[in-house]
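Q: Mind having a look at this structure? Questions to follow.
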Amino acid sequence: MSLKKLQVLIIATIVAASGVAAGGIVAYFYFKNLAEKAFSPQEIAKVIPQEAIMATFITPNPGALIQLQKFGTPEAQKMIGFGLNELRKQSFAGTDIDFNRDIQPWIGGIGVALLPPTEINKNEPPKLLMIVSIKDKIKAWNFANKLQGQQGAKTEESEYKGVKINHVTEKSGKRYSLALLGDRLAIAPYKQTLETAIDTFQGKTTLANQQAASAIFAKSTELPNQIATIFVADYSSFVQQLNANLLDNSKISSTALSQFKQVKSVVMAVGVDPQGVRLRVVSQLDASLAKQGKPQIGSKLLGRFPAETVAVIGGKGLNRIWSQVGNDAKDNPEVAKGILQLKQGFERLNLNADRDIFGWMDGEFALGAIASNQGILSQFGMGGTMIFETSNRVQAEATLKKLDAIASSNPSVSVASRKVKNTDVTEWQIPQQGTVFGHGWLNTNSVFIAFGGPLIDVITAPPQPIKNNTHSSVTIANFLPQPSQGYFYLDVEKTMSWANRYLLPVQPNLIPQPTIEILNSIQGIGISTTFPEPSTAQVDMLLGIKPKT
């Protein structure tokens, strides 16, 4: 098996795990019938050198498999199963290796690590090391012998510190080495890489022994029924190595690289529970970022959005975000140009972006898309609503009055006021079309802006308690960490319903059919960001998958 095929196998394994999120059936095909013995990432990491730039772990988890079998539409299951089988065929093309027969029975878990170049050859790409934990040594040994016995392959044996190494040379001249380290099989394309793994196995400091690694691994293990974990010990070095191997026209900007340096390490874990597939990313931040305040919010505004909500994004302090973007733009000409154009656009309306638009948006905010086929929205199928909390109501009202004056200057637009459910609302109306825009105060410090008359009546309705609200966005929110620094929810089911009615009839080939099958198996997506500790950032994602039918 060539290095290229070995890399394809690694990719296939990773894709198999991540594909769970798409249809819930990939991991079942990959790991079904495995015994319950499995090795945790921490166990596999005991053979990976501490200097590893990155490590990926795939673990067959019986609990996860039970949950996975409950998810996914038949179409999605069939499509993903077919795709996985094709990937397997490509991975082992030209060999007589069969995954189900030769590999699956003895695998307890897989770790793939990238080791940095040596001090002598710093310009070389990272070195690949693959660790496969063994639950059946006899079958694993049979597999190793089969690799060595491939037609046209030559094998050699050597010894390093008492450990036998098998070197396989294919007919094409490509080489890789294998060594048995206790209950783990180590595979690497370079002998030196394998020797480093042997040193680690025999007592050298491992990735699992790192204090930072142990702490961040502990964060990821809180996720139930994990099936995959990715750990980047030195995120800055990893990004630099990645950037060095990119084409010139794909290089990461110096500004982005400087921002990546503020992240010390990252761990990402994938798990499965009754709601769907969960992804958690935990980052250890530089001390300079840890000192900055991170406001947490309890999503008070989310209950304002109705069951017809398609998507909603929320956070706190748009004024602070706007200011931060402006500071970052000093080192990014493209962003600076976009900000300048935005400011100039507001100036043409006699508005100052810093003062009149973003300056008073210092509280929680929520922006949502809501499905509606009423009134002026019947031709679009949805409209938008924004809610902003502010401590500067005077400035907010001054800005809204300026906007009303601009609208009134247009002969075809009339600005009028009315009371909706005890809320004073100002509306912009166009003859024969109805209300296109409206705004009003929901309470003393919360103002709403609605695009589309039908949404004004919806958003001014009394808010529903989060626990009693059953629409998809809120349901997903209940299963994500609260409070958070920000959140995003997308009701995929409602999005596809809207697309089938308003988008795809006009552009039927816009979304490939396989993608549609995947999307039809997903109920919704929720993402939230939190700061459990001043120096720790955490992003949680829940992919809600429809139950198996």
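With the sequence shown counted from 1, adding 3 to any position gets you the numbering used here.
Cβ coordinates follow ideal geometry from the N, Cα and C atoms, glycine included.
Can you name the start and end residues of the alpha helix (DSSP H) that Thr498 belongs to?
A: Where Thr498 is concerned, the enclosing alpha helix (DSSP H) stretches over 495–501.
Q: Quick check: the Cα distance between Ala502 and Asn523, rounded to an integer number of angstroms?
A: So the two alpha carbons sit approximately 12 Å from each other.
Q: Where Thr172 and Gln265 are concerned, what is the direct C-alpha to C-alpha distance, given to the nearest angstrom?
A: If you take the alpha carbons of Thr172 and Gln265, they lie about 43 Å apart.
Q: Would Ser375 be called buried (16 or more neighbouring beta carbons within 10 Å of its own) or exposed?
A: So Ser375 ends up on the buried side.
Q: For Phe234, which beta-bridge partners are listed by DSSP?
A: Phe234 pairs with Ala58, Val270.
Q: Could you compute how far the alpha carbon of Leu354 sits from the alpha carbon of Thr402?
A: Rounded to whole angstroms, Leu354 to Thr402 spans 8 Å at the Cα level.
Q: Are the stretch 255–270 and the stretch 504–520 touching, with three or more C-beta to C-beta distances below 8 Å?
A: Touching, no, given that fewer than three Cβ pairs across the two stretches are closer than 8 Å.
Q: Determine the contact status of Tyr505 and Gly387, defining contact as a CB-CB distance below 8 Å.
A: No.
Q: For Glu159, I'd like the list of residues in its chain whose CB is within less than 6 Å of its CB, leaving aside the five on either flank, ordered along the chain.
A: Closer than 6 Å at Cβ, skipping near neighbours: His170.
Q: Could you tell me which of Ser500, Ala67, Glu367 sits nearest to Ile324, measuring between CA atoms?
A: Nearest of Ser500, Ala67, Glu367 to Ile324, Cα basis: Glu367.
Q: Between which two residues does the alpha helix (DSSP H) holding Arg104 run?
A: From DSSP, Arg104 is part of no alpha helix (DSSP H); its letter is neither H nor E.
Q: In three-state terms, what does DSSP make of Glu173?
A: Coil.
Q: Quick check on Trp363: does DSSP put it in helix, strand or coil?
A: Here Trp363 sits in coil by DSSP.
Q: Which residues in the same chain as Ile255 place their Cβ atom closer than 6 Å to its Cβ, once the five residues preceding and following it in sequence are excluded?
A: Only Asn246 meet the Cβ criterion.
Q: Could you tell me the alpha carbon to alpha carbon distance between Pro77 and Val280, rounded to whole angstroms?
A: Computed Cα separation, rounded: 18 Å.
Q: From Gly318, Leu226, Val495, pick the residue whose C-alpha is nearest to that of Thr518; which is it?
A: That would be Val495, whose Cα lies nearest to the Cα of Thr518.
Q: Are Ile61 and Ala231 touching if we call contact CB-CB under 8 Å?
A: Contact flag set, yes.
Q: What are the start and end residues of each continuous alpha helix (DSSP H) run of 4 or more residues lying completely inside the stretch 410–456, in chain order?
A: Entirely contained in the stretch 410–456, not one alpha helix (DSSP H) run reaches 4 residues.
Q: Examine the Cβ distances between the stretch 442–456 and the stretch 387–396 and report whether three or more of them are shorter than 8 Å.
A: Counting Cβ pairs under 8 Å, three or more are found: they touch.
Q: Between which two residues does the beta strand (DSSP E) harbouring Val285 extend?
A: From DSSP, the beta strand (DSSP E) with Val285 extends over 279–288.
Q: Would Gly114 pass as a contact of Ala48 if the rule is Cβ separation under 8 Å?
A: Cβ atoms of Gly114 and Ala48: closer than 8 Å.
Q: Just mark Pro434 as buried or exposed, buried being the case when its beta carbon has 16 or more other beta carbons within 10 Å.
A: By the neighbour-count rule (16 or more Cβ atoms within 10 Å), Pro434 is not buried but exposed.
Q: Below 8 Å on the Cβ atoms is my contact criterion, and I expect Gly527 with Tyr490 to pass it. Report the Cβ-Cβ distance as a whole number of Å.
A: Not really, about 13 Å apart at Cβ, beyond 8 Å.
Q: Checking 8 Å against the spacing of the C-beta atoms, do Gln244 and Ile56 come in under that value?
A: Against a cut-off of 8 Å, the Cβ pair of Ile56 and Gln244 comes out as a contact.
Q: Less than 8 Å between the CB atoms is what I'm expecting for Gln541 and Thr533, so what's the real figure, rounded?
A: The Cβ separation is near 5 Å, so the contact holds.
Q: If the criterion is Cβ atoms closer than 8 Å, does the pair Ala553 and Trp431 meet it?
A: No answer is possible for residue 553: the residues shown for the chain start at 4 and end at 552.
Q: Going by alpha carbons, who is nearest to Leu345 out of Lys130, Gly317, Ala356, Pro336?
A: It is Ala356.
Q: I need the straight-line Cα distance from Pro309 to Lys303, nearest angstrom please.
A: If I take the Cα positions, the gap works out to 14 Å.
Q: Would Asn228 be called buried (16 or more neighbouring beta carbons within 10 Å of its own) or exposed?
A: Flag for Asn228 reads buried.
Q: Can you look up Pro128 in the DSSP assignment and give me helix, strand or coil?
A: In the structure shown, Pro128 sits in coil (DSSP, three-state: anything other than H, G, I, E or B).
Q: Along the chain, where does the beta strand (DSSP E) that runs through Asp543 open and close?
A: Asp543 -> beta strand (DSSP E) spans 539–548.
Q: Among Ala182, Phe74, Met133, which one has its Cα closest to the Cα of Thr59?
A: Comparing Cα-Cα distances from Thr59 to each of Ala182, Phe74, Met133, the minimum goes to Met133.
Q: Thinking just about the alpha-carbon of each residue, which of Val428, Trp444, Gly437, Asn413 is nearest to the one in Arg396?
A: It is Trp444.
Q: Can you give the Cα-Cα distance for Leu546 and Val273, rounded to whole angstroms?
A: Near 11 Å, if we compare the C-alpha coordinates of Val273 and Leu546.
Q: State the DSSP-derived secondary structure class of Ile17, mapped to helix, strand or coil.
A: Per-residue confidence for Ile17 stands at a pLDDT of 34, beneath the threshold of 50, marking its modelled position as unreliable; the derived number appears in the next sentence. Three-state result, Ile17: helix.
Q: How long is the line joining the alpha carbons of Pro466 and Asn446, rounded to whole angstroms?
A: Going from the Cα of Pro466 to the Cα of Asn446 covers about 12 Å.
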